[in-house]
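Down below is the structure, laid out as structure tokens.
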Amino acid sequence: EFGALVFAATMNVRQVISIIASYITYHNNITGLQMLGLVAVFGALFYKSYVGIMSAEGPKAKAAEKQPIADKTKAASEGGAYKAAEKN
4 EFGALVFAAT MNVRQVISII ASYITYHNNI TGLQMLGLVA VFGALFYKSY VGIMSAEGPK
64 AKAAEKQPIA DKTKAASEGG AYKAAEKN
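For the sequence shown, this note's numbering gives the first residue as 4, with consecutive numbering after it.
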């Protein structure tokens, strides 16, 4: 039910919380440049996860998940075992 994109988004949240907890625990101040770096890096990661999740929710994406990666109906001599399945 949950795929790699949800896992990646969860790991991004865990990393952000871990960094903020570290700053709080050890009473370190976050400089403006560090804050800018955190926002830039994790903003890009969250955006990438968001776009992936939104594109994966469509009916075409769900149908594509059920398509075989390789066509196993052909003999190996015809390239069936390793030849990518053709899209309709």
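Every residue gets a Cβ at the ideal spot worked out from N, C-alpha and C, and that includes glycine. Everything numeric in this text was worked out from a predicted model, so none of it was measured.
Could you check if residue i is buried or exposed, using at least 16 other CB atoms within 10 Å of its CB as the buried criterion?
{"i": "Ser25", "result": "exposed"}
{"i": "Ser21", "result": "exposed"}
{"i": "Ser58", "result": "exposed"}
DSSP three-state label for residue i, please.
{"i": "Gly6", "result": "coil"}
{"i": "Thr13", "result": "helix"}
{"i": "Ile22", "result": "helix"}
{"i": "Ile33", "result": "coil"}
Rank the options by C-alpha distance to the C-alpha of residue i and give the top, closest one.
{"i": "Leu36", "options": "His30, Val44 and Tyr50", "result": "Val44"}
{"i": "Gln18", "options": "Lys51, Leu41 and Tyr50", "result": "Leu41"}
Would you mind giving the Cβ-Cβ distance between residue i and residue j, rounded to the nearest angstrom? I have them listed as a contact below 8 Å.
{"i": "Asn15", "j": "Leu48", "result": "5 Å"}
{"i": "Leu8", "j": "Gly55", "result": "4 Å"}
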